[in-house]
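Q: Let me begin by handing over the structure; questions about it come next.
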Amino acid sequence: MLNRILLAAAATFVVTSAQADTVALKVLGQPAGSGQIAQQKEQPFFESLKSHLDFDVSVQYLPVDVAGIPDSDGLRVLKSGLFDIVSIRGSQVSRDEPAILGLDLVGLNTSFEDGKKHIQAFFGTVDARLQSKFNAKLLGIWPAGPQIIFCKPEISSLADLKGMKVRVGDQSVANFMAGLGATGIPLPFGDVQQSLARGVVDCGITGPASANSGGWPEATTTVLPLSLQLAANGYAINLKKWNSLSQDQQKSLQAAVTKLTDDIWAYSEELYADAMRCNSGLEPCALKASYHLKQVPVSEADKETVKAAVEKISLPLWAKQCNATFPECEAKWRQAMGLQP
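According to the numbering used here, the sequence shown is numbered sequentially starting from 1.
Given below as structure tokens:
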């Protein structure tokens, strides 16, 4: 199935002759219309990549959905070499490499500051896994932003989720919801707004900017701005392509991507603050849509519940999955985080 998809995607590219000193890069990006980060940062960067490098380059950038490739196949695409650089969607590709989830376990990254520290600490382990299993080098990791809770019924705390159906993005969040007495339901992002409106689900978890673009505030009343995860994504390059570059070219490309990911970290934090204002009808609001959601104050008890989820729920379940394919997984994670085995 994947081979047919890859062949179809390859047909979308026009093969052109280029000068021998021009490096050609095919880049598979985030889904078209997936959000402000893809539109304002990622796509413009790669389309103007030549201006960021010390060598000549030609770039063909294609969003993953436009290419007709499931975003869960990002690592397989890298290994195949069809695309040279892939904008990896963390939770989506974790079925192929569970170690990636260790960057952003539920309860681990409750702030941007925590996220930077933890992601940097485990970055090397994930990079090594991608190199050994998928012939790919990890160039950088960035956050879509805090994943928070939007509900149609009014809620005042996590305890109010008991008995409710909550749209989740991956199984780790579903496990956390189960611990609260709620039912986690995986739904494609595009189906959530109508599902909320029709009562198929009572609540949903995403970032506030994504909720704004998806019209979630039209079908909800309340937002609980309690970060469960940061939705870690990243960039990786096929090792064959990487090794074909000179050392100077490698340094130039790495520096450019590092600058992009640093830029996205800062932008993600700004975007979160702006989207929270927009969703609650506050000013200033730079996004197109303004709503009037009720923001629930986050209690210290709820913060502690989320932080405790790492050792109680998300780490044990993830470690079992990751250790099955990578026996040193949990030990390396604990060492990176400065925790005792």
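Backbone N, C-alpha and C fix where the C-beta goes; we use that ideal spot for every residue, glycine too. Since the model is a prediction, treat every value here as computed from it, not as a measurement.
1. How would you write the range of the alpha helix (DSSP H) that residue 100 sits in, first residue to last?
2. With 16 other CB atoms within 10 Å as the buried threshold, where does residue 120 fall?
3. Helix or strand or just coil, what does DSSP make of residue 192?
4. Report the CB separation of residue 207 from residue 147 in whole angstroms; it is logged as a contact under 8 Å.
5. Indicate whether residue 183 and residue 306 have their beta-carbon atoms separated by less than 8 Å.
6. How many angstroms separate the CA atom of residue 324 from the CA atom of residue 178?
7. Tell me the DSSP secondary structure of residue 329 in three-state form.
8. Mark residue 198 as exposed unless 16 or more other C-beta atoms lie within 10 angstroms of its C-beta, in which case mark it buried.
9. If residue 280 sits next to residue 295, beta carbons under 8 Å apart, how far is it from one beta carbon to the other, in whole angstroms?
10. Would DSSP call residue 87 helix, strand or coil?
11. Between residue 181 and the rest of its own chain, which residues show a CB-CB distance below 8 Å, the 5 nearest in sequence each way excluded?
12. Would you mind working out which of 153, 288, 190, 302 sits nearest residue 159, comparing C-alpha positions?
13. Kindly provide the ranges of any beta strand (DSSP E) runs that are 3 or more residues long and lie completely inside the segment 39 to 82, ordered along the chain.
14. Specify whether the segment 186 to 203 and the segment 127 to 147 touch according to this definition: at least 3 beta carbon pairs, one from each stretch, less than 8 Å apart.
A: Checking against the coordinates, here is how it stands:
1. Where residue 100 is concerned, there is no enclosing alpha helix (DSSP H), given that its DSSP letter is neither H nor E.
2. When all chains shown are included, residue 120 counts as exposed.
3. DSSP, reduced to helix, strand and coil, places residue 192 within a helical segment of the structure shown.
4. About 6 Å separates the two Cβ atoms, so the contact holds.
5. Result no, Cβ atoms of residue 183 and residue 306 do not sit closer than 8 Å.
6. Rounded to whole angstroms, residue 324 and residue 178 show a C-alpha spacing of 23 Å.
7. Correct three-state label for residue 329: helix.
8. Exposed: under 16 other Cβ atoms inside 10 Å.
9. Yes, residue 280 and residue 295 are in contact; Cβ-Cβ is about 5 Å, under 8 Å.
10. Looking at residue 87 - three-state DSSP - the assignment turns out to be strand.
11. In its chain, beyond the 5 residues on either side, 161, 162, 163 have a beta carbon closer than 8 Å to the beta carbon of residue 181.
12. Comparing Cα positions, the closest option is 302.
13. DSSP runs (the beta strand (DSSP E)) wholly in the segment 39 to 82: 57 to 63.
14. Remark: fewer than three beta-carbon pairs, one from each stretch, lie closer than 8 Å, so the segment 186 to 203 and the segment 127 to 147 are not flagged as touching.
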